[in-house]
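**Student:** In our numbering, the protein residues as written are 2 to 859.
Note that the Cβ used here is the ideal one computed from N, Cα and C, for glycine as well.
Owing to the predicted nature of the structure, the values given are computational and were not obtained by experimental measurement.
Input: one structure, supplied below.
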Amino acid sequence: MQGYMRTTGNKRCWESLSASTTGMMWKTLLVVSLFCWGKCQDSQNMTPEEKGVIRDQIVEMFDHAYGSYMKYAYPADELMPLSCRGRVRGQEPNRGDIDDSLGKFSLTLIDTLDTLVVLNKLDEFEEAVKKAVSDVRLDNDVVVSVFETNIRVLGGLLGGHVMADLLRQRGERMQWYRDELLHMAKELGHRLLPAFNTTSGLPYPKVNLRYGVLNPLSRTGTESDTCTACAGTMILEFAALSRLSGNSVFEEHARKALDVLWERRQRGSDLVGTVINIHNGEWVRRDSGVGAGIDSYYEYLMKAYILLGDNVFLDRFNVHYSAIMKYISQPPLLLNVHMHNPTVSVRSWMDSLLAFFPGLQVLRGDLKPAIETHEMLYQVTKQHKFLPEAFTTEFRVHWGQHLLRPEFAESTYYLYKATGDPYYLRVGQSIVEKLNAYARVPCGFAAVQDVRTGTHEDRMDSFFLAEMFKYLYLMFSEKSHLPIDMDGYIFTTEAHLLPISLSTTQPPCPGNDTETVRISQEDLFTHSCPSTETLFPNNPSFAKTIRDGYKYLTGVGQAFHPLPIREIELPLHDNGMEPVEFFKSMGISLTPLNEANMGDTGRLKEHKGVYRVKLVAELSQAPEEEVVVPHVVQLISPPFLGRTVLTAGPAKFGMDLTKQEHGVKGSIVKASPYTACGPIDNAAGLKGHIALALRGDCMFAAKARWLQKAGAIGVIFIDHREGSNSEETPLFQMVGDGDSTEDITLPLVFLFSREGAVLTAALEKHHNVDVLLLPKERQLGRDKMERVSMNLKLRLAEEGEMEGGAASGPTLEFVLENDEVLLKDEGEEELREKQQSEQQQSCTEESDRTQPSKIPDS
Ligand code: DMJ
């Protein structure tokens, strides 16, 4: 049976779908929630008054964030909440690929439009639409990310148009509105279309808004790869644009890209990789998960079915979903595996983007794993205040940044809608409180640079306004508080609202050649949504029972030990190899079961042909507390002479600098392109030198390969995250790309951006800067406590002496030791003490003035 029933739809759709749509789904969930409402109340219960207080608090926070953007930043794309000004691309230090969201099109304003309506701020909405219409230009000579521009700007314009149109039809507001936002959306759609000009149909990752991709003025078009999510997250916006504008070209291109991804799935595992070549459709990165790089591809298959009523999307989603549940979901964890060898985990950490997945599972009707994973995420947020950008399978911080991402709030919202369990309101309340306590600053809300230190970053991404406030506000609102009936809309991945009535706006596209999937009889149950297998059973304490098993995941003394023995199926192929030999070739060593220690459970019985599997691939090893050996970049040419020492992080691949007695020495040259994600333009100048390359756009390993090929003798990577520095952010080791990195033999080190700025400033000023790359403990001058002794002999003048000419008197000797100035006693004790405090004061001030950006060697 198919669980969806479309509440609206043309006759064709209605008949062709034994499936139904969100309306029905929400109704089903509502029945569940009503059933639950009276019975699942526990100490977590929340009164309507309490909900009202939190709702008001959310509105006040929104006003603070949006008001700050409008006051300090508009018409810039984003607010810099620490500097209280707008971020204008080109006027701030380049942050690499993050900046590709900024198209000089008042990104935050457009991304916020439909949030204003959801929060009932209709006057502000009308004002904002007027501003967007009169001020925003979409033809700027800027290279932007196709994915980000689609989900944030095209989605924002469409969501804004749908809301404006609705309000106009009600006859009270927006009477002046003449579909201007839709016209802008159409213009933007046409500006994105050149990206699809590839033989495969997969889009280029970037486009120049004015010049497209192939035009010589475009400064883009050399990219050969894109991420799966980047190519697979176009259908909702493009189909909506086609159906609202009557031009099918957009939907056709988005469908084609999805067809290619589907076609390219790994047929054995039904999984996809994270990066694909846009010209030949080959996978570039074969790791597979549900987080970064892939996330919204799966989301859009499911939601495209809900929005457009086309079964093919649901069929594909279900095939992938079964694979995800088989290989990737190990409740409460969501792992990353090799798409070809899906029983092999490729890393021991999870990224925060995957926090959307429980929400998608709710849409799919699969509540149990959704509750489990969400509970795990909640425990992690309790431990670290926010979800770190990446955390290990043992819930330690892997990458401590928190960008005010909304995914955890999104899943919490879906779970609350599905279960009606007030527990999720308490979770929502904790999100609100933490944002106020730890991210709020006088000019808005600031991202957290590291959840361990609580330091802030000067950014407030537009998705914070587009998504976070919608999900939080909706969680604490009843239907009567809302100006629109949410059941009639679907959220895009950026939480923009598209009406599910769109499937009736136009019959299926003429160019729709979307391939259909054949589903076997036994898979049929997976089509139901909510699934009859997995939907909330008739048991009010169901969700609590599930959660309780994960309450102490991160708690003291109750550490969660993931997968002590993981029973897995291995894909055997008839390749003529013995299993042991075959697995060895995959990096897996097998121990016959009877040699293995079965532990207490005795669960596994000796069985011929059954092996206990030990993963030996380096990347899959359980993480130990990783000891990062600090390295340094020491500037040794004049005028630095070893005194400027920048703390650097090492790499797990490339040359092992701990084994080089004297480190690696060379002069530095900036790579061009600076991100070094493709052929190096200045190879001649780089040959024999140490390259400087900016983090971002591609993996460290990919950059290292390009630079090695260009003849560099070492690489210093510089962080693209503004303001990061080694004092506040723990060092980490750069890792490879999951494949072998044996071919990379260069020494590689990483500098945070503040240290990187010292180096680039030195290069700009002195042109020739020689550096040494080596472990910190071996930096020049350290072991000998070598004093760069200038033995300046200064004689302090007696009072009145200067007027009267030279005279003799007590002398003080200064010894310069690295960055410090020491005072050496050579005169009267009393005078020394007095002068010492005066001189130290003046020396400190002087050194502060003359070396503002020098980073102390910590
Ligand atoms: C948003 O821009 C979208 O949700 C996207 O799909 C990925 N995540 C960011 C926010 O974290």
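Who pairs with Glu-458 in a beta bridge, going by DSSP?
**Tutor:** The residue you call residue 458 lines up with position 457 of the sequence shown. Its beta-bridge partners are Ala-448.
**Student:** Thinking C-alpha only, which one of Tyr-75, Gly-53, Val-147, Asp-140 is nearest Ile-99?
**Tutor:** In the sequence shown, counting from the first residue as 1, residue 99 sits at position 98. Checking every option, the nearest Cα to that of Ile-99 belongs to Val-147.
**Student:** Ordered along the chain, which non-local residues of its own chain (more than five positions away) have a Cβ less than 7 Å from that of Ala-356?
**Tutor:** As a first step, residue 356 is located in the sequence shown; it is residue number 355 there, counting from the start. Leu-378, Leu-388, Glu-408, Phe-409, Ser-412, listed in sequence order.
**Student:** In this structure, does DSSP put Pro-217 in helix, strand or coil?
**Tutor:** Within the sequence shown, residue 217 is the residue found at index 216, counting from 1. Correct three-state label for Pro-217: helix.
**Student:** On a CA-only basis, which of Glu-50, Val-60, Asn-46 is nearest Leu-475? Give me that one, please.
**Tutor:** Stepping through the sequence shown from its first residue, residue 475 is reached at position 474. Out of Glu-50, Val-60, Asn-46, Val-60 has the C-alpha closest to the C-alpha of Leu-475.
**Student:** Taking Asn-141 as the reference, give the member of Arg-179, Val-772, Thr-494, Ser-107 with the closest Cα.
**Tutor:** Taking the first residue of the sequence shown as position 1, residue 141 is located at position 140. When each option's Cα is compared against that of Asn-141, the closest is Ser-107.
**Student:** Please list, in chain order, all residues of the same chain as Val-442 whose beta carbon is under 6 Å from its beta carbon, the five residues on each side excluded.
**Tutor:** For the purposes of this step, residue 442 is identified with residue 441 of the sequence shown, where counting begins at 1. Only Pro-82 meet the Cβ criterion.
**Student:** Taking all protein chains shown into account, do 16 or more other C-beta atoms lie within 10 angstroms of the C-beta of Arg-153, making it buried, or fewer, making it exposed?
**Tutor:** Taking the sequence shown and counting its residues from 1, one reaches residue 153 at position 152. When all chains shown are included, Arg-153 counts as buried.
**Student:** When we look at the beta-carbon of Asn-216 and count the other beta-carbons within 10 Å, is it buried (16 or more) or exposed?
**Tutor:** By one-based count along the sequence shown, residue 216 stands at place 215. Asn-216 should be labelled exposed.
**Student:** Mind checking Pro-538: buried by the 16 CB within 10 Å criterion, or exposed?
**Tutor:** Working through the sequence shown from its first residue, we reach residue 538 at position 537. Residue placement at Pro-538 is poorly supported in this model, since its pLDDT is 49, which falls under 50; the coordinates are not used for a value here.
**Student:** Please look up how many angstroms separate the CB atoms of Asp-352 and Val-285, rounded, as I've assumed it's under 8 Å.
**Tutor:** Position 351 of the sequence shown holds residue 352. Position 284 of the sequence shown holds residue 285. Incorrect: roughly 18 Å between the Cβ atoms, too far for contact.
**Student:** Would you report the Cα separation of Ile-329 and Val-770, rounded to the nearest angstrom?
**Tutor:** Indexing the sequence shown from 1 puts residue 329 at position 328. Indexing the sequence shown from 1 puts residue 770 at position 769. Approximately 48 Å between the Cα atoms of the pair.
**Student:** If you measure between the beta carbons of Met-461 and Ser-69, is that distance less than 9 Å?
**Tutor:** Looking up residue 461 in the sequence shown gives position 460. Looking up residue 69 in the sequence shown gives position 68. Yes.
**Student:** With a CB to CB cut of under 6 Å and the five nearest residues on each side skipped, what residues in its chain are close to Glu-390?
**Tutor:** In the sequence shown, counting from the first residue as 1, residue 390 sits at position 389. Cβ neighbours of Glu-390 beyond the five flanking positions: Ser-353, Trp-400, Gln-402.
**Student:** Considering only DSSP beta bridges, list what Leu-245 is partnered with.
**Tutor:** Taking the sequence shown and counting its residues from 1, one reaches residue 245 at position 244. DSSP, once it has assigned bridges, lists no residue as partnering Leu-245.
**Student:** Compute the beta-carbon to beta-carbon distance between Ser-668 and Asn-683, rounded to the nearest angstrom, for a pair I have assumed lies under 8 Å.
**Tutor:** Within the sequence shown, the letter at position 667 stands for residue 668. Within the sequence shown, the letter at position 682 stands for residue 683. 14 Å between Cβ atoms; not a contact.
**Student:** Specify the secondary structure class of Pro-776 as computed by DSSP and reduced to three states.
**Tutor:** Taking the first residue of the sequence shown as position 1, residue 776 is located at position 775. Three-state result, Pro-776: strand.
**Student:** Would you tell me roughly how many angstroms separate the C-alpha atoms of Gln-384 and Phe-392, rounded to the nearest one?
**Tutor:** What you label residue 384 is simply residue 383 of the sequence shown in a count that begins at 1. What you label residue 392 is simply residue 391 of the sequence shown in a count that begins at 1. So the alpha carbons of these two residues sit roughly 11 Å apart.
**Student:** Given the structure, does Asp-98 come close to ligand 1, in the sense that its CB is under 8 Å from one of the ligand's heavy atoms?
**Tutor:** Position 97 of the sequence shown, counted from the start, is the residue given in the question as residue 98. No, ligand 1 has no heavy atom inside 8 Å of this Cβ.
**Student:** Quick one: residues in its chain with C-beta nearer than 6 Å to the C-beta of Asp-575, no 5 flanking neighbours on either side, listed in chain order?
**Tutor:** Taking the sequence shown and counting its residues from 1, the one referred to as residue 575 is at position 574. Interpretation of Asp-575 is limited by its pLDDT of 39, a score under 50 that renders its predicted location unreliable; no figure is taken from the coordinates.
**Student:** What would DSSP say about Phe-751, mapped onto helix, strand or coil?
**Tutor:** On the sequence shown, residue 751 is found 750 positions in, with the first residue counted as 1. Three-state DSSP puts Phe-751 in a strand.
**Student:** Any heavy atom of ligand 1 closer than 8 Å to the beta-carbon of Glu-149?
**Tutor:** Translated into positions along the sequence shown, residue 149 becomes position 148. True, at least one ligand heavy atom lies under 8 Å from that Cβ.
**Student:** Taking only runs that begin and end inside the stretch 293-346, name each unbroken beta strand (DSSP E) of 3 or more residues, in chain order.
**Tutor:** The stretch 293-346 contains no whole beta strand (DSSP E) run of 3 or more residues.
**Student:** Would Ile-277 pass as a contact of Thr-199 if the rule is Cβ separation under 9 Å?
**Tutor:** By 1-based counting over the sequence shown, the position of residue 277 is 276. By 1-based counting over the sequence shown, the position of residue 199 is 198. No.
**Student:** Cβ-heavy atom distance between Glu-468 and ligand 1 below 8 Å?
**Tutor:** By 1-based counting over the sequence shown, the position of residue 468 is 467. Correct: Glu-468 has its Cβ closer than 8 Å to ligand 1.
**Student:** Skipping 5 residues on each side, what residues in its chain have a beta carbon closer than 8 Å to that of Ala-763?
**Tutor:** One-based indexing of the sequence shown puts residue 763 at position 762. Answer for Ala-763: Leu-636, Phe-641, Thr-645, Val-770, listed in chain order.
**Student:** Compute every distance between the C-beta of Thr-494 and the non-hydrogen atoms of ligand 1, then say whether any falls below 8 Å.
**Tutor:** For the purposes of this step, residue 494 is taken as the residue at position 493 of the sequence shown. Thr-494: yes, Cβ under 8 Å from ligand 1.
**Student:** I'd like the span of the alpha helix (DSSP H) that includes Met-81, first residue to last.
**Tutor:** As a first step, residue 81 must be located in the sequence shown, where it is residue number 80. Note, Met-81: premise wrong, no alpha helix (DSSP H); beta strand (DSSP E) at 79-81.
**Student:** How about Leu-110 and Phe-126: do their beta carbons lie closer than 9 Å?
**Tutor:** Translated into the one-based positions of the sequence shown, residue 110 becomes position 109. Translated into the one-based positions of the sequence shown, residue 126 becomes position 125. No, the Cβ-Cβ distance between Leu-110 and Phe-126 is not below 9 Å.
**Student:** Ordered along the chain, which non-local residues of its own chain (more than five positions away) have a Cβ less than 8 Å from that of Gly-202?
**Tutor:** Residue 202 sits at position 201 when you count from the first residue of the sequence shown. Around Gly-202: His-254, Lys-257, Ala-258, Asp-260, Val-261.
**Student:** Does DSSP put His-721 in a helix, in a strand, or in coil?
**Tutor:** Here residue 721 refers to the residue found at position 720 of the sequence shown. Three-state DSSP puts His-721 in coil, outside helix and strand.
**Student:** Which two residues bound the contiguous beta strand (DSSP E) that contains Val-291?
**Tutor:** Indexing the sequence shown from 1 puts residue 291 at position 290. Premise fails: Val-291 is in no beta strand (DSSP E) and is neither H nor E.
**Student:** On the premise that Ile-717 lies in contact with Leu-752, defined as a C-beta separation below 8 Å, what is that separation, rounded to the nearest angstrom?
**Tutor:** Start at 1 with the first residue of the sequence shown, and residue 752 comes out as number 751. Start at 1 with the first residue of the sequence shown, and residue 717 comes out as number 716. At roughly 6 Å, the Cβ-Cβ gap stays under 8 Å, so Leu-752 and Ile-717 are in contact.
**Student:** From Pro-680 to Leu-503, what does the alpha carbon distance come to, in whole angstroms?
**Tutor:** Start at 1 with the first residue of the sequence shown, and residue 680 comes out as number 679. Start at 1 with the first residue of the sequence shown, and residue 503 comes out as number 502. C-alpha separation (whole angstroms): 44 Å.
**Student:** In three-state DSSP terms, what is Ile-681?
**Tutor:** As a first step, residue 681 is located in the sequence shown; it is residue number 680 there, counting from the start. DSSP places Ile-681 in coil when its eight states are reduced to three.
**Student:** Could you have a look at Pro-359 and say whether DSSP puts it in helix, strand or coil?
**Tutor:** Position 358 of the sequence shown, counted from the start, is the residue given in the question as residue 359. If DSSP states are grouped into helix, strand and coil, Pro-359 belongs with the helices.
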